[in-house]
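Remarks on the structure that follows.
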Amino acid sequence: MKSRRRFIKLVVLFAIVASTLSFCSVYYRLEDKDTMTSAEASAEINMAAFFAVVALPSSLAHSRSILTLPLMTIAAGLPEPKVDEAIAPSLYFKTDVKRCADSIFSSILLTDNLDSGLIAAGSCKLKKL
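The numbering used here puts the first residue of the sequence shown at 1, with every later residue one more than the last.
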């Protein structure tokens with residue numbers, strides 16, 4: 001029974017990450033190699049949180065913690081996906097985004113709780129270029 005609940009929680013988590021990625025237009029800008037679009041930055045942060053959860057399945061012990069996943073990108077300072085972002089996406093420094101994703105990943109791993117990832121995302125505050 002517990003393994004079934006864990007599986008369902010992982011499926012829901014994957015669905016949240018996949019839907020977030022599919023609503024964003026993910027493509028690369030060839031103009032500058034050291035920047036990322038908001039969709040790429042969002043994917044980087046979401047995947048860091050997803051891999052942390054997969055590494056520690058006990059982090060899903062609190063079912064309400066799953067609801068913090070969509071908020072991590074907003075807490076990190078990334079905009080919500082909009083039509084304007086698909087036309088003229090915002091750019092962010094790749095090193096800042098990777099540092100933020102690593103911070104989220106490590107905080108979830110160290111505390112074994114998704115809520116700490118939200119706190120780490122709030123401390124990132126990524127800024128547009």
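For every residue, glycine included, the Cβ atom is placed at its ideal position computed from N, Cα and C.
Evaluate isoleucine 104 with the Cβ neighbour count: other Cβ atoms within 10 Å of its Cβ, from every protein chain shown; 16 or more gives buried, anything less gives exposed. With 16 or more other Cβ atoms from the protein chains shown falling within 10 Å of its own Cβ, isoleucine 104 counts as buried.
Whole-Å CB distance - leucine 114 paired with threonine 68, under 8 Å assumed: Between leucine 114 and threonine 68, the beta carbon gap of about 5 Å places them in contact (Cβ cut-off 8 Å).
Closer than 8 Å by C-beta to alanine 48: which residues in its own chain qualify, once you throw out the five before and the five after it? Chain order, please. Once the five neighbours on either side are set aside, the close Cβ partners of alanine 48 are Ala101, Asp102, Ile104, Phe105.
Express the C-alpha separation of methionine 72 and aspartate 208 in angstroms, rounding to a whole number. Outside the shown range of the chain, which is 1 to 129, sits residue 208, and nothing can be said about it.
Using a Cβ-Cβ cutoff of less than 7 Å, which residues in the same chain neighbour alanine 75 once the five nearest sequence positions on both sides are dropped? In the same chain as alanine 75, and ignoring 5 residues on each side of it, the C-beta atoms closer than 7 Å to its own belong to Leu118, Ala121, Gly122, in chain order.
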